[in-house]
Each structure stands twice: as structure tokens, then as C-alpha cells.
Amino acid sequence: MSHNNKDKKSMLKRPFIALLMILLAACSTHHSDEYSISISERTLEKVNAIIESEIKPNAYLASGDLLVHTSRLFMDTPYQANTLVHHSDLPYALVVNFDGMDCFTYLDYVVALSQASDTPSFFSSLMNIRYKKSHIHFYDRKHFFSDWYALSPQIAIDITEKMSPDAITVPKQLNQKVEGGEYIQGLGVIPRMITYIPSDKITQSVLDNLQNGDLVGVYSPKIGLDVTHTGIIVKENNQILYRNASSLSKYNKVVDLPFMDYIRSKPGIVVLRVE
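Next up, the structure:
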């Protein structure tokens, strides 16, 4: 084997230099299979440190407040797409990468950490959050925001309709492209009713009813999508902020944005709550 080939292989390994094997049955009632966990030593150290120094001492906080506290730990983390892309020469694994995240994996990590009592329970929680029936495979991943309340194990509840009398419920064919075909080839089309509040109907009452830690998706009018972006509601200093992993070039990291300034020009919102 040439040195170049060796170098290429080592480069592939560097982002995930620790490939852990754990029996998740020890901390999950959903599965008894052994899974691979792909995580760097750097991220593993962060997981341990966050649970010990930030989660355990603040376990008394209400669920939403603990989510906000946990989400703050990732401020300024670089935006990075496609961190869960599977390499065909490797087995499917639970990927954990705190060095970069998109708007969805950001929520994955924040919610999983807030529910963890130790490192194995973090892995178990992340598996439940990211995969339906806790089965680690691309086609079993919760690709859509609404999967969090529609699929088992349920991660959050959809409170959108309760937030406003102006909420609208529409039929969707998730994963179906307008021009035909699928966004995610092979996943199939998923019929689902999606409820959203139009942005011009976000009244002061709606804002008052938002709670710290609520998860808000930016509604998409496309037939095959439920939302195009996700973030966390933060209420502090008489402000409502939208904490999110932003792909916008002027940010490209986890940031806080004034909620209404951001959402005013968007089609609407879908609101989930972790309980």
C-alpha cells in the first residue's frame, strides 16, 4: 500500500478517531442490538464535561429552561452540513460531532444532553431522538421536524394548534418534490397533516404563550417539506430570541437572532415542546 493511500485512510479516520462499541440495551428499552458510535476524543470529552458540570447541577430546572441552558453551551459553534452522511465502506453508526452542526443536529444534541444522566444515557437518548424505533439506519432516521412528534419514540408534542386560533392545518406529502421524484431517494412519500401559524398571525398572545426551550420550525409551503429551518426559543431580558445553527454566510454558526425580526418574512411557524 502506498503512503498516499495510508494518508487518505488516516484522513478519513481523523474526524472520528474513536469508534466506540457499546451495548445500548443497557440504557435503552427499545433495542438490544450492539451499535457503533462514531465520536472523536475531543467530542467525547465535551459530552462528559457537559453532563458533569452543566446538566447534573442544573437537573432541577424545568425542561425548557434546561434546554435553553444547554443550548447556550454551543453558541458560536460552526455551522456544518452533512455530518451524518454515511460512508459506504463503514457500518452505520451513531455519529456525535460537537465541532460542527446544522440546525437539526444542533437540536438533537441539545435535547439529548438535557435528558442525560451520564454518557451512556446521552448516547441512548440521541439514538431515540434521531431514529425511529431507535434503529440506526439512514431510512429510519427522523428526517423531518414533524417526525419528532409523529414517530416513535416521540420526542416532543406539537402545540402549534393550541398556540393560536389562526393556526392552519394542511395536508402534506413529505419527501415529494413538486416536479416529481423524492428529496430523499428510496425513503418514500409520507402523508401527514401539518399545522402552522402564518407569520402575520403571530400576535402578542402567541408570543406570550411561547416558552423557554420551545422548538420552532420555519414552515415550508412546499408539498414535500414541513419546515426549512429549526431553532430554540430563548426568553431573556424581555426579549424573545431564536437560537439556531445558521447557514447564512454572515453567521455560519450558532447564533441568537431577534425572533420576530427573523420570522416576520417567513411563511409561518411550527411549534413543538419537549416535556
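Per mature numbering (1 follows the signal peptide of the UniProt record, and there is no 0): the sequence shown = residues -32 to -1, 1 to 243. By construction, the Cβ of each residue, glycine as well, lies at the ideal position given by its N, Cα and C atoms. No experiment lies behind these values; they were computed from the predicted model shown.
Q) Leaving out five residues before and five after VAL78 in sequence, what residues of the same chain have Cβ atoms less than 8 Å from its Cβ? A) The answer, listed in chain order, is LEU35, THR38, SER39, PHE42, ILE200.
Q | Pairwise C-alpha distance: LEU52 and LYS130 | A | Between the alpha carbons of LYS130 and LEU52 lies a gap of roughly 34 Å.
Q | Rounded separation between PHE90 and GLY68 - CA only | A | PHE90 and GLY68 have their C-alpha atoms some 18 Å from each other.
Q) Nearest CA to the CA of SER173: which residue from VAL186, ALA17, ILE231, ASP134? A) From the listed residues VAL186, ALA17, ILE231, ASP134, the smallest Cα separation to SER173 is found for ASP134.
**Q.** Whole beta strand (DSSP E) elements within the stretch 168 to 224, 3-residue minimum
**A.** The qualifying runs are 183 to 187, 195 to 204, 207 to 213.
Q. With distances taken from CA atoms, which of THR128, VAL223, ASN206, VAL157 is nearest ILE237?
A. The option with the nearest alpha carbon to ILE237 is THR128.
Q) DSSP puts LYS140 in a beta bridge; with which residues? A) According to DSSP, which records beta bridges pairwise, LYS140 is partnered with ARG160.
Q | GLY236 (DSSP reduced to helix, strand or coil) | A | GLY236 falls in the strand class under three-state DSSP.
Q: Using the DSSP secondary-structure output, state which residues sit across from LEU62 in a beta bridge.
A: LEU62 pairs with ILE5.
Q | N-terminal and C-terminal residue of the alpha helix (DSSP H) that ARG98 is part of | A | It spans 87 to 98 - the alpha helix (DSSP H) in which ARG98 sits, taken as one unbroken run.
(Q) Only counting the same chain, and skipping five residues up and downstream in sequence, which positions put a Cβ closer than 7 Å to that of LEU119? (A) Contacts found: LYS100, LYS110.
Q: Indicate whether ALA84 and ILE23 have their beta-carbon atoms separated by less than 7 Å.
A: A contact, by the Cβ cut-off of 7 Å.
Q. Three-state secondary structure (DSSP) at ASP126?
A. Three-state result, ASP126: strand.
Q) Do THR45 and VAL202 have their C-beta atoms within less than 7 Å of each other? A) Cβ distance not < 7 Å, so THR45 and VAL202 don't count as in contact.
(Q) Can you confirm whether the stretch 173 to 192 touches the stretch 134 to 154 when touching is taken to mean that 3 or more C-beta pairs between the two stretches lie within less than 8 Å? (A) By the Cβ test, the stretch 134 to 154 is in contact with the stretch 173 to 192, since at least three Cβ pairs between them sit closer than 8 Å.
Q) How is GLU22 classed by DSSP in three states: helix, strand or coil? A) Three-state result, GLU22: helix.
Q. Helix, strand or coil: which one does DSSP assign to ILE231?
A. The three-state reading of DSSP puts ILE231 in helix, counting H, G and I together.
Q | With 16 other Cβ atoms within 10 Å as the buried cut-off, status of HIS105 | A | By the beta-carbon neighbour count (other beta carbons within 10 angstroms, threshold 16), HIS105 is exposed.
(Q) Using the three-state DSSP reduction, which class does GLU150 fall into: helix, strand or coil? (A) DSSP places GLU150 within a strand segment (E or B) once states are collapsed to three.
Q: On the DSSP bridge assignment, give the partners of ARG40 in chain order.
A: In the DSSP output, where bridge partners are listed per residue, ARG40 has none listed.
Q. If you follow the alpha helix (DSSP H) that TYR77 is part of, which residue opens it and which one closes it?
A. Looking at the DSSP string, the run of the alpha helix (DSSP H) that includes TYR77 is 71 to 82.
Q) Going straight from the alpha carbon of LEU216 to that of ASP70, what length do you get? A) Each residue's Cα considered, the two are about 11 Å apart.
Q. So, using beta-carbon positions, are LEU175 and ILE208 closer together than 7 Å?
A. Yes. Within cutoff.
**Q.** Contact set for THR(-4): own chain, Cβ-Cβ below 7 Å, skip 5 residues either direction
**A.** Residue placement at THR(-4) is poorly supported in this model, since its pLDDT is 31, which falls under 50; the coordinates still yield a value, given next. Only residues of its own chain outside the window of five on either side were considered, and among them none has a CB closer than 7 Å to the CB of THR(-4).
Q) Which one of SER167, HIS197, ARG10, TYR28 has the shortest CA to CA distance from ALA49? A) Ranking the options by Cα distance to ALA49, first place goes to HIS197.
Q.
Taking its Cβ as the centre, do 16 or more other Cβ atoms sit within 10 Å of ALA27, making it buried, or is it exposed?
A. Counting every other CB atom within 10 Å of its CB across the protein chains shown gives ALA27 a total below 16, marking it as exposed.
**Q.** Cβ shell of THR73 (< 8 Å), same chain only, five flanking positions each side left out
**A.** Closer than 8 Å at Cβ, skipping near neighbours: THR51, LEU52, ASN65, ALA213.
**Q.** CB of TYR210 within 7 Å of CB of TYR187, strictly
**A.** For TYR210 and TYR187, no; Cβs fall outside 7 Å.
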